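Visitor: Residue numbers (the UniProt record's numbering), protein chains in the order written: chain W, 1 to 247; chain H, 1 to 247. Glycine is no exception: its CB is placed at the ideal position from the N, C-alpha and C atoms. Bear in mind the structure is a predicted one, so any value in this text is a computation, not a measurement. Dropping the structure in here first, questions after.
There are 2 protein chains.
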Amino acid sequence: MNQHTVKAYGDELNQLTAEVVRMGGLAEAQVADAIESVARRDVALAKAVIERDSRLDALHRDIEKKSIRLIALRQPVASDLRRTLGAMKLASDLERTGDLAKNIAKRALILAEGEPMQVLTRSIERMGRLVSTRLRDVLDAYTASEVERAQSVWSTDDEVDEHYNALFRELLTYMMGDPRTITACTHLLFMAKNLERIGDHATNIAETVYYEITGEDLLGERPKAVPGPGEEATPTPHLSPTDSAAD
Amino acid sequence: MNQHTVKAYGDELNQLTAEVVRMGGLAEAQVADAIESVARRDVALAKAVIERDSRLDALHRDIEKKSIRLIALRQPVASDLRRTLGAMKLASDLERTGDLAKNIAKRALILAEGEPMQVLTRSIERMGRLVSTRLRDVLDAYTASEVERAQSVWSTDDEVDEHYNALFRELLTYMMGDPRTITACTHLLFMAKNLERIGDHATNIAETVYYEITGEDLLGERPKAVPGPGEEATPTPHLSPTDSAAD
Chain W
1 MNQHTVKAYG DELNQLTAEV VRMGGLAEAQ VADAIESVAR RDVALAKAVI ERDSRLDALH
61 RDIEKKSIRL IALRQPVASD LRRTLGAMKL ASDLERTGDL AKNIAKRALI LAEGEPMQVL
121 TRSIERMGRL VSTRLRDVLD AYTASEVERA QSVWSTDDEV DEHYNALFRE LLTYMMGDPR
181 TITACTHLLF MAKNLERIGD HATNIAETVY YEITGEDLLG ERPKAVPGPG EEATPTPHLS
241 PTDSAAD
Chain H
1 MNQHTVKAYG DELNQLTAEV VRMGGLAEAQ VADAIESVAR RDVALAKAVI ERDSRLDALH
61 RDIEKKSIRL IALRQPVASD LRRTLGAMKL ASDLERTGDL AKNIAKRALI LAEGEPMQVL
121 TRSIERMGRL VSTRLRDVLD AYTASEVERA QSVWSTDDEV DEHYNALFRE LLTYMMGDPR
181 TITACTHLLF MAKNLERIGD HATNIAETVY YEITGEDLLG ERPKAVPGPG EEATPTPHLS
241 PTDSAAD
């Protein structure tokens, strides 16, 4: 390596951010493809998603290493430090997002072997599109340092919960009506849960972006759609599985 | 504040580590109590777990703030830097562990309103005890800087998967045999999934402890019990929901 080539500190930080942006694009594509593979019963696409996940893992490890190196060697402070720590956090959320997309694809493979269940997979598709949009919006916010867009994603967290709760009820009804569908419906249930958690990661990313830009935490509780039994003033005596917060 | 009281850098780092240890103890207790509340249908205990979760959130935020301050002001390198970043990572895994325990407790409240299902809750209890033990072991490894113990927790990750897979099959069989149990069994399913994920966090902590002590990553794939359809050489034409990796 040319000893006279000294990488400017600013370049190193920009390169780190750029790698996170790239990782974000890959994670977005994985989520979109995974949902597509469910909707179209597309086995080849599902397998491609499963295979590509290792690239996200590699990017995560690389971003972590670079961040630690940067902190150790450059000793950043203030907003540069926040950017570096933010890169590590985002890489972590994106790696988990990729894992969840891979798991949706694995279940898509299984479902493709059984009878089509178009009404239900269409609901998954709709929820998937909402979650994909939130992920895309928050990554746009990161790329362009747009604090309002990050705030907007953060404060509409409950939209995803509403989809999840409705899907959950739909699946339970289906299962109770026809026990032969229980196994397949369980897969769809976990797909819905995975999508909800991808939505959570998008919200995490929104918080990280906000903190990175402003140096402050987004205050308050995340918006949640349905209060769970532990949060209701008078617990209702019914079996409601819709409280899924933090699952 | 007394200007002449200057906190030694080493003290600051030790204090950070001590706070993580304390958070670990609280997370352990939450997991154990949540499982107990399921096994004994103990409504008061479940409510206590739900309420105490905010303490874990507060500790997480505090550890993060202190870590960032420490990095900014003391500019640690080498093993001190790894310790500081390790504290942040552990606090993150422990906060998620607490959320999962809270969610188990919320579902315990719901189940306590219905008919007892002792065979199934006993299975949950057994899986819970295994997961609790792994969490305790890995936190002991952190407290005492024992690299071999961390490695041991990491390499026995598949034990948890085996419990999960068996529980999953048990629950599906139950649901298919009696559709009136579907809602309750779905709660138990998510409890099992939460326990599996707590197990994952214990494994994450093992990796962090290993890296913190040695400066190296634990190599290789985490041990997984049952290969999923995406990993089998010849996909078997059956609906198997047991592949739960990364859910």
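For E159 (chain H), report the span of its alpha helix (DSSP H) as first-last.
Guide: Within the second sequence, the letter at position 159 stands for residue 159 (chain H). Run containing E159 (chain H): 158-177, per the alpha helix (DSSP H) assignment.
Visitor: Pick helix, strand or coil for P241 (chain W), following the three-state DSSP scheme.
Guide: What you label residue 241 (chain W) is simply residue 241 of the first sequence in a count that begins at 1. Per-residue confidence for P241 (chain W) stands at a pLDDT of 49, beneath the threshold of 50, marking its modelled position as unreliable; the derived number appears in the next sentence. DSSP places P241 (chain W) in coil when its eight states are reduced to three.
Visitor: Determine the chain W residues that contact L130 (chain H) at a beta-carbon separation under 9 angstroms, and present them in chain order.
Guide: Locating residue 130 (chain H) in the second sequence gives position 130, where the first residue counts as 1. What L130 (chain H) touches in chain W: nothing, since even the nearest Cβ is about 20 angstroms away.
Visitor: For P179 (chain H), would you say it is in contact with chain B, using Cβ-to-Cβ distances shorter than 9 angstroms as the test?
Guide: No chain B is part of this structure, whose protein chains are labelled W and H.
Visitor: In this structure, how does DSSP classify D217 (chain H) when only helix, strand and coil are distinguished?
Guide: On the second sequence, residue 217 (chain H) is found 217 positions in, with the first residue counted as 1. D217 (chain H) falls in the coil class under three-state DSSP.
Visitor: Is it buried or exposed for V20 (chain H), if we count other Cβ within 10 angstroms and need 16 for buried?
Guide: Position 20 of the second sequence, counting from 1, holds the residue named residue 20 (chain H). By the neighbour-count rule (16 or more Cβ atoms within 10 Å), V20 (chain H) is buried.
Visitor: Counting only runs of 4+ residues fully inside the UniProt domain "PhoU" (21-107) of chain H, write out the alpha helix (DSSP H) ranges in chain order.
Guide: Whole alpha helix (DSSP H) segments, 4+ residues: 43-74.
Visitor: Would you tell me roughly how many angstroms separate the C-alpha atoms of R52 (chain W) and A44 (chain H), rounded to the nearest one?
Guide: In the first sequence, residue 52 (chain W) corresponds to position 52, counting from 1. In the second sequence, residue 44 (chain H) corresponds to position 44, counting from 1. Those two C-alpha atoms are separated by around 47 angstroms.
Visitor: In this structure, how does DSSP classify E12 (chain W) when only helix, strand and coil are distinguished?
Guide: Stepping through the first sequence from its first residue, residue 12 (chain W) is reached at position 12. E12 (chain W): helix per DSSP, three-state reduction.
Visitor: Counting C-beta neighbours from all protein chains within 10 Å, is the total for N14 (chain W) 16 or more, i.e. buried, or is it exposed?
Guide: On the first sequence, position 14 is the one that residue 14 (chain W) refers to. Exposed, because fewer than 16 other Cβ atoms sit within 10 Å of the Cβ of N14 (chain W).
Visitor: Who are the near neighbours of S37 (chain H) in its chain, counting only those whose CB is closer than 6 angstroms to its CB and skipping five residues on each side?
Guide: Within the second sequence, numbered from 1, the residue matching residue 37 (chain H) stands at position 37. Closer than 6 angstroms at the Cβ level, and outside the excluded window around S37 (chain H), lie L45, A46, A105, A108.
Visitor: Should V119 (chain W) go down as buried or exposed, given a rule of 16 or more other Cβ atoms within 10 Å for buried?
Guide: Residue 119 (chain W) sits at position 119 when you count from the first residue of the first sequence. V119 (chain W) comes out exposed.
Visitor: Checking 9 angstroms against the spacing of the C-beta atoms, do Y211 (chain W) and G86 (chain W) come in under that value?
Guide: Position 211 of the first sequence, counted from the first residue, corresponds to residue 211 (chain W). Position 86 of the first sequence, counted from the first residue, corresponds to residue 86 (chain W). Yes. Within cutoff.
Visitor: Let me know the secondary structure DSSP gives S145 (chain W) once reduced to three states.
Guide: In the first sequence, residue 145 (chain W) corresponds to position 145, counting from 1. Residue state, collapsed to three classes: coil.
Visitor: Could one say the Cβ of D218 (chain W) lies closer than 9 angstroms to chain H's Cβ atoms, at least one of them?
Guide: The sequence position of residue 218 (chain W) within the first sequence is 218, counting from 1. Reading off the sequence shown, one finds Leu at residue 218 (chain W), where the question assumed Asp. By this cut-off, L218 (chain W) is not an interface position.
Visitor: With distances taken from CA atoms, which of H:H60, H:R41, H:A48 is nearest G24 (chain H)?
Guide: Position 24 of the second sequence, counting from 1, holds the residue named residue 24 (chain H). Of the listed residues, the one whose Cα sits closest to G24 (chain H) is H:H60.
Visitor: What does I71 (chain W) reach in chain H if we use C-beta pairs closer than 7 angstroms?
Guide: Reading the first sequence from its first residue, position 71 is the one you call residue 71 (chain W). I71, L81, listed in chain order.
Visitor: Consider the Cβ of V160 (chain H): report whether some Cβ of chain W lies at a distance smaller than 9 angstroms.
Guide: As a working mapping, residue 160 (chain H) is identified with position 160 in the second sequence. Answer no: the Cβ-Cβ gap between V160 (chain H) and chain W never drops below 9 angstroms.
Visitor: Near G128 (chain H), what residues of its chain come up, given a Cβ to Cβ distance below 7 angstroms and the 5 sequence neighbours on each side ignored?
Guide: Stepping through the second sequence from its first residue, residue 128 (chain H) is reached at position 128. For G128 (chain H), where only same-chain residues beyond five positions count, the Cβ hits under 7 angstroms are I35, L195.
Visitor: Check whether the segment 131-138 of chain H touches the segment 151-166 of chain H, taking contact to mean three or more Cβ pairs, one atom from each stretch, closer than 8 angstroms.
Guide: Counting Cβ pairs under 8 angstroms, three or more are found: they touch.
Visitor: Helix, strand or coil: how does DSSP classify E207 (chain W) here?
Guide: Against the first sequence, residue 207 (chain W) aligns to sequence position 207. Helix at E207 (chain W).
Visitor: So does G199 (chain W) have its beta carbon nearer than 8 angstroms to some heavy atom of the ligand ATP?
Guide: For the ligand ATP, the structure offers nothing, since it holds no ligand at all.
Visitor: Work out the CA separation of T186 (chain H) and E12 (chain W) for me, nearest whole Å.
Guide: Counted from its first residue, the first sequence places residue 12 (chain W) at position 12. Counted from its first residue, the second sequence places residue 186 (chain H) at position 186. About 48 angstroms.
Visitor: What residue from W:R22, W:H163, W:T143 has the CA that sits closest to E95 (chain W)'s CA?
Guide: In the first sequence, counting from the first residue as 1, residue 95 (chain W) sits at position 95. Nearest C-alpha to E95 (chain W): W:R22.
Visitor: How big is the Cα-Cα spacing for Y142 (chain H) and M176 (chain W)?
Guide: Translated into positions along the second sequence, residue 142 (chain H) becomes position 142. Translated into positions along the first sequence, residue 176 (chain W) becomes position 176. Taking the straight line joining both Cα atoms gives about 46 angstroms.
Visitor: Kindly list the residues whose CB is nearer than 8 angstroms to the CB of Q62 (chain H), restricted to its own chain and excluding five residues on each side of it in sequence; keep chain order.
Guide: Residue numbering aside, residue 62 (chain H) sits at position 62 when the second sequence is read from its first letter. With the sequence shown as reference, residue 62 (chain H) is identified as Asp, and Gln is not the correct amino acid for it. Within the same chain, D62 (chain H) has close Cβ partners E19.
Visitor: Quick one: what's got a C-beta closer than 6 angstroms to L16 (chain W)'s C-beta in the same chain, skipping five residues either side?
Guide: Counting from 1 along the first sequence, the entry for residue 16 (chain W) is found at position 16. Closer than 6 angstroms at Cβ, skipping near neighbours: K66, A87.
Visitor: Would you please verify whether the beta carbon of L55 (chain H) is less than 9 angstroms from any beta carbon of chain W?
Guide: Against the second sequence, residue 55 (chain H) aligns to sequence position 55. First, the residue type needs correcting, since residue 55 (chain H) is Arg and not Leu in the sequence shown. No, R55 (chain H) lies away from the interface with chain W (no Cβ there is under 9 angstroms from its Cβ).
Visitor: Against chain W, with Cβ distances strictly below 9 angstroms, would I205 (chain H) count as a contact?
Guide: Taking the second sequence and counting its residues from 1, the one referred to as residue 205 (chain H) is at position 205. Chain W, which has no Cβ nearer than 9 angstroms to the Cβ of I205 (chain H), makes this no.
Visitor: So if I threshold CB-CB distances at 7 angstroms, which residues from the segment 82-111 of chain H count as touching chain W?
Guide: Under the 7 angstroms Cβ criterion, the segment 82-111 of chain H contributes L85, D99, L100, K102, N103, K106, L109, I110.
Visitor: Taking C-beta pairs closer than 7 angstroms, name the residues in chain W that M23 (chain H) reaches, listed in chain order.
Guide: On the second sequence, residue 23 (chain H) is found 23 positions in, with the first residue counted as 1. The premise fails here: M23 (chain H) is roughly 17 angstroms from chain W at the closest Cβ pair, so nothing lies under 7 angstroms.
Visitor: Give me the chain H residues within the contact set of L172 (chain W), using Cβ-Cβ distance strictly less than 9 angstroms, ordered along the chain.
Guide: Numbered from 1 along the first sequence, position 172 holds the residue referred to as residue 172 (chain W). Ordered by position in chain H, the residues that pass the 9 angstroms Cβ test against L172 (chain W) are I182, T183, T186.
Visitor: Helix, strand or coil, according to DSSP, for K193 (chain H) in the structure here?
Guide: By one-based count along the second sequence, residue 193 (chain H) stands at place 193. K193 (chain H): helix per DSSP, three-state reduction.
Visitor: Distance check for Y174 (chain H) and T181 (chain W), CA to CA, integer angstroms please.
Guide: In the first sequence, counting from the first residue as 1, residue 181 (chain W) sits at position 181. In the second sequence, counting from the first residue as 1, residue 174 (chain H) sits at position 174. If you take the alpha carbons of T181 (chain W) and Y174 (chain H), they lie about 14 angstroms apart.
Visitor: Ordered along the chain, which non-local residues of its own chain (more than five positions away) have a Cβ less than 8 angstroms from that of T214 (chain H)?
Guide: Sequence index remark: in the second sequence, residue 214 (chain H) carries index 214 (1-based). Closer than 8 angstroms at the Cβ level, and outside the excluded window around T214 (chain H), lie V147.
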